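Chemist: One structure, pasted below without further comment.
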Amino acid sequence: MISEIHLNNIKIYAYHGCLPEENLTGAWYVVNLRVEVDLTQAGKTDDLQHTINYADLSEIIHRRMKQKSNLLEKVCYDILAEIKNYSDQIEGAEIQLAKLDPPMPGNIESASVKMYQKFKPKIHF
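Going by full-length UniProt numbering, the sequence shown opens with residue 1, and the numbers climb by one from there.
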(Lines of atoms letter the chains of each structure in order from A and count residues from 1; the text may use other names and numbers.)
(Lines give C-alpha, C1' and ligand atoms only; values in the text may rest on other atoms or scores of the structure.)
Protein backbone atom coordinates (compact mmCIF):
# COMPACT_ATOMS: atom_id res chain seq x y z
CA MET A 1 0.00 0.00 0.00
CA ILE A 2 1.29 3.43 -0.90
CA SER A 3 0.70 5.73 2.04
CA GLU A 4 1.95 8.92 3.61
CA ILE A 5 1.72 10.87 6.83
CA HIS A 6 1.56 14.66 6.56
CA LEU A 7 2.12 17.32 9.19
CA ASN A 8 0.80 20.54 7.68
CA ASN A 9 1.52 24.18 8.41
CA ILE A 10 3.37 23.80 11.70
CA LYS A 11 3.96 27.41 12.75
CA ILE A 12 7.07 27.97 14.89
CA TYR A 13 8.89 31.11 16.05
CA ALA A 14 12.65 30.61 15.69
CA TYR A 15 15.98 32.35 15.18
CA HIS A 16 17.55 31.32 11.86
CA GLY A 17 19.37 33.49 9.36
CA CYS A 18 22.67 34.98 8.29
CA LEU A 19 21.91 38.53 9.39
CA PRO A 20 22.68 39.50 13.01
CA GLU A 21 19.22 40.97 13.52
CA GLU A 22 17.62 37.66 12.49
CA ASN A 23 19.35 35.97 15.40
CA LEU A 24 18.10 38.66 17.79
CA THR A 25 14.53 39.26 16.69
CA GLY A 26 13.63 35.90 15.16
CA ALA A 27 10.83 35.21 12.72
CA TRP A 28 7.85 32.97 12.12
CA TYR A 29 8.40 29.79 10.14
CA VAL A 30 6.00 27.30 8.62
CA VAL A 31 7.01 23.66 8.29
CA ASN A 32 5.31 21.03 6.15
CA LEU A 33 6.42 17.42 6.42
CA ARG A 34 5.49 14.42 4.30
CA VAL A 35 6.64 10.97 5.40
CA GLU A 36 6.34 7.87 3.21
CA VAL A 37 5.48 4.79 5.23
CA ASP A 38 3.51 1.61 4.62
CA LEU A 39 0.41 1.98 6.77
CA THR A 40 -1.17 -1.35 5.82
CA GLN A 41 -0.63 -2.98 9.23
CA ALA A 42 -1.78 0.13 11.09
CA GLY A 43 -4.97 0.13 9.03
CA LYS A 44 -5.57 -3.55 9.75
CA THR A 45 -4.71 -3.56 13.46
CA ASP A 46 -5.54 -0.05 14.75
CA ASP A 47 -2.27 -0.31 16.71
CA LEU A 48 0.14 2.63 17.15
CA GLN A 49 3.18 0.33 16.95
CA HIS A 50 2.42 -0.22 13.24
CA THR A 51 2.56 3.44 12.30
CA ILE A 52 4.66 6.52 12.95
CA ASN A 53 3.63 8.62 15.93
CA TYR A 54 2.76 12.12 14.65
CA ALA A 55 3.69 13.64 18.00
CA ASP A 56 7.21 12.22 17.71
CA LEU A 57 7.63 13.74 14.24
CA SER A 58 6.42 17.08 15.56
CA GLU A 59 8.87 16.87 18.47
CA ILE A 60 11.77 16.22 16.06
CA ILE A 61 10.83 19.37 14.13
CA HIS A 62 10.32 21.56 17.21
CA ARG A 63 13.55 20.40 18.84
CA ARG A 64 15.62 21.19 15.73
CA MET A 65 13.92 24.54 15.15
CA LYS A 66 15.11 25.66 18.61
CA GLN A 67 18.75 25.38 17.45
CA LYS A 68 19.95 28.49 15.60
CA SER A 69 21.28 28.04 12.06
CA ASN A 70 22.36 30.39 9.31
CA LEU A 71 20.63 28.43 6.56
CA LEU A 72 17.19 26.90 6.17
CA GLU A 73 18.94 24.21 4.13
CA LYS A 74 20.85 23.09 7.23
CA VAL A 75 17.67 22.92 9.31
CA CYS A 76 15.89 20.82 6.66
CA TYR A 77 18.88 18.52 6.24
CA ASP A 78 19.12 17.90 9.98
CA ILE A 79 15.40 17.19 10.35
CA LEU A 80 15.49 14.68 7.49
CA ALA A 81 18.54 12.98 9.01
CA GLU A 82 16.81 12.62 12.37
CA ILE A 83 13.62 11.31 10.76
CA LYS A 84 15.65 8.75 8.82
CA ASN A 85 17.13 7.47 12.10
CA TYR A 86 13.79 7.55 13.93
CA SER A 87 12.25 4.43 12.37
CA ASP A 88 13.08 1.75 9.82
CA GLN A 89 9.42 1.92 8.73
CA ILE A 90 9.99 5.30 7.08
CA GLU A 91 10.75 4.90 3.38
CA GLY A 92 11.31 8.56 2.56
CA ALA A 93 10.47 12.08 3.65
CA GLU A 94 9.98 15.55 2.23
CA ILE A 95 10.19 18.76 4.23
CA GLN A 96 9.41 22.33 3.27
CA LEU A 97 10.52 25.12 5.59
CA ALA A 98 9.30 28.65 4.91
CA LYS A 99 10.45 31.85 6.61
CA LEU A 100 7.55 34.30 6.73
CA ASP A 101 8.22 37.95 5.86
CA PRO A 102 11.95 37.48 5.18
CA PRO A 103 14.16 40.57 5.54
CA MET A 104 14.52 41.30 1.81
CA PRO A 105 13.46 44.22 -0.37
CA GLY A 106 9.94 44.02 -1.68
CA ASN A 107 6.79 42.48 -0.34
CA ILE A 108 7.74 38.80 -0.03
CA GLU A 109 5.30 36.59 1.83
CA SER A 110 7.87 33.85 2.43
CA ALA A 111 11.11 32.27 1.32
CA SER A 112 11.30 28.51 1.52
CA VAL A 113 13.47 25.46 1.04
CA LYS A 114 12.12 22.04 0.13
CA MET A 115 14.13 18.82 0.40
CA TYR A 116 13.22 15.22 -0.32
CA GLN A 117 15.17 12.14 0.65
CA LYS A 118 14.42 8.52 -0.24
CA PHE A 119 15.57 6.28 2.60
CA LYS A 120 14.87 2.89 1.05
CA PRO A 121 13.09 1.58 -2.02
CA LYS A 122 9.38 0.91 -1.80
CA ILE A 123 8.41 -2.71 -2.25
CA HIS A 124 4.66 -3.19 -2.57
CA PHE A 125 2.82 -6.42 -3.21
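Quick reminder that beta carbons are idealized off the backbone N, C-alpha and C, glycines included.
These figures come from a predicted structure and were not determined experimentally.
Which residue marks the beginning of the alpha helix (DSSP H) containing glutamine 89, and which one marks its end?
Modeler: Looking at the DSSP string, glutamine 89 is not in any alpha helix (DSSP H), and its letter there is neither H nor E.
Chemist: Ends of the alpha helix (DSSP H) at glutamate 22?
Modeler: Per DSSP, glutamate 22 belongs to the alpha helix (DSSP H) from 20 to 25.
Chemist: Decide if alanine 43 is buried, meaning its Cβ has at least 16 other Cβ atoms within 10 Å, or exposed.
Modeler: A quick correction: the sequence has glycine, not alanine, at residue 43. The residue in question, glycine 43, is exposed, as its Cβ has fewer than 16 Cβ neighbours within 10 Å.
Chemist: Run through DSSP, which three-state label would isoleucine 2 get?
Modeler: It is coil, neither helix nor strand.
Chemist: My assumption, with CB atoms under 8 Å, is that glutamate 91 sits in contact with valine 30. Please give the rounded CB distance.
Modeler: Not quite, the Cβ-Cβ distance comes to about 25 Å (not below 8 Å), so this is no contact.
Chemist: Could you please give the first and the last residue of the uninterrupted beta strand (DSSP E) stretch that includes serine 112?
Modeler: That run of the beta strand (DSSP E) goes 110 to 118.
Chemist: Which partner residues does lysine 11 have in the DSSP bridge list?
Modeler: Paired residue(s): Val30.
Chemist: Using the rule of at least 16 other Cβ atoms within 10 Å of the residue's Cβ for burial, across every protein chain shown, is methionine 1 buried or exposed?
Modeler: Exposed: under 16 other Cβ atoms inside 10 Å.
Chemist: Please report the straight-line C-alpha distance between leucine 19 and serine 87, rounded to a whole angstrom.
Modeler: Spanning the two alpha carbons is a distance of roughly 36 Å.
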